[in-house]
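These notes are about the structure you will find just below.
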Amino acid sequence: MLDYYDIHAEEYVIQTLQTDMTDIYRRFLPRIPAEGRILDLGSGSGRDAVYFSRQGFEVTALEPSAGLCREMSRRFDGEIVCLPVEEYHPSSKFDAIWACASLLHLTKENLLNFFAGIGTYLKPDGIIYASGKNGIETGICGDGRFFLEFDEQLLGEILETAPCLSSQELWYSRDAAGRQGFRWMNYILKYRG
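In terms of the numbering used here, the sequence shown opens at residue 70 and continues consecutively.
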């Protein structure tokens, strides 16, 4: 799957860099202390890392694709860590995690393991925003990428696996790029610590 993003890094940046995320930013950022630390998990083009940094937050961009890390470094001058989330062990914790369309590439087992260890990443009262495709089949698609469908049953399993998390908000949205055949499931969770 990383091959896809390495091969198509420039194309992916062009497709995603200008996506309007205003509504989600409005839901996410007020929950974070001023100048708080954000982990942008699966940063892709760096669109969100750049925006958060300009709003005064300290941002670490975590991206497993070397091609996307290279592209991101052209516009984001903050910390870029080029590793899969499973291999990342931060030296200090974050006030928030932004996982926009990134956790959907994990297997269900790896996703649940990530949430079971959420205390590795978040400070008490920290939050996580995550989004994934709803209305798709879990599995490998035609271009070789793996997608895990996000649905309310999966969210229930996350909360059961990590009882230290509580659901703050859940909503569905249309694809900002106008793609059809699925919708985005968005949620914000809070870590009680």
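Ideal placement from N, C-alpha and C gives every residue a C-beta, glycine not left out.
Count the other CB atoms within 10 Å of the CB of residue i; is the residue buried (16 or more) or exposed (fewer)?
| i | result |
| --- | --- |
| L152 | exposed |
| H174 | buried |
| Y241 | exposed |
| R116 | buried |
| P133 | buried |
| V82 | With a pLDDT of only 46 at V82, under 50, the local geometry of the prediction cannot be trusted, and the value read off the model is given with reservation. V82 should be labelled buried. |
Take residue i and list the residues in its own chain whose beta-carbon comes closer than 8 Å to its own, dropping the five residues that flank it on each side.
| i | result |
| --- | --- |
| F68 | In the structure as shown, the chain begins at 70 and stops at 262. Residue 68 is therefore absent and cannot be evaluated. |
| Y260 | I187, G188, L191, K192, P193, D194, G195, I196, I197, C233, L234 |
| G147 | A118, S122, E127, V128, T129, A130 |
| P159 | L108, T129, T189, Y190 |
Return the chain-ordered list of same chain residues with a C-beta closer than 6 Å to the C-beta of residue i, the five sequence neighbours on each side being excluded.
| i | result |
| --- | --- |
| F97 | Y198 |
| R12 | The structure shown does not extend to residue 12, since the chain spans only 70 to 262, so no value can be given for it. |
| I209 | F215 |
| S171 | L110, G111 |
| I93 | none |
| I101 | D164, A165 |
| Q249 | none |
For my contact list, residue i and residue j are in at a C-beta cut-off of 8 Å; report their separation, rounded to the angstrom.
| i | j | result |
| --- | --- | --- |
| T91 | D109 | No, T91 and D109 are not in contact; Cβ-Cβ is about 17 Å, not under 8 Å. |
| M141 | S122 | No, M141 and S122 are not in contact; Cβ-Cβ is about 12 Å, not under 8 Å. |
| S236 | L217 | Not confirmed; about 19 Å, so no contact. |
| V154 | L137 | Between L137 and V154 the Cβ distance is about 14 Å, and since that is not below 8 Å, they are no contact. |
| D89 | A245 | 6 Å |
| A168 | F145 | Contact flag wrong, Cβ pair sits at about 17 Å. |
| E156 | G125 | The pair is not a contact, with the Cβ atoms about 29 Å apart (cut-off 8 Å). |
Just to confirm before moving on: does the CB-CB distance between residue i and residue j stay below 8 Å?
| i | j | result |
| --- | --- | --- |
| W253 | N203 | yes |
Can you name, in chain order, every residue of its own chain whose Cβ lies under 7 Å from the Cβ of residue i, other than the five neighbours on each side?
| i | result |
| --- | --- |
| F219 | L173, G201, K202, N203, M254 |
| Y267 | This structure leaves residue 267 out entirely; the chain is present only between 70 and 262. |
| L71 | Interpretation of L71 is limited by its pLDDT of 48, a score under 50 that renders its predicted location unreliable; the figure taken from the coordinates is listed afterwards. The answer, listed in chain order, is P133, S134. |
| N179 | E155 |
| I205 | F216, E218, F251 |
Report yes or no: is there a C-beta of chain D within less than 8 Å of the C-beta of residue i?
| i | result |
| --- | --- |
| C138 | The structure shown contains no chain D, having only a single protein chain. |
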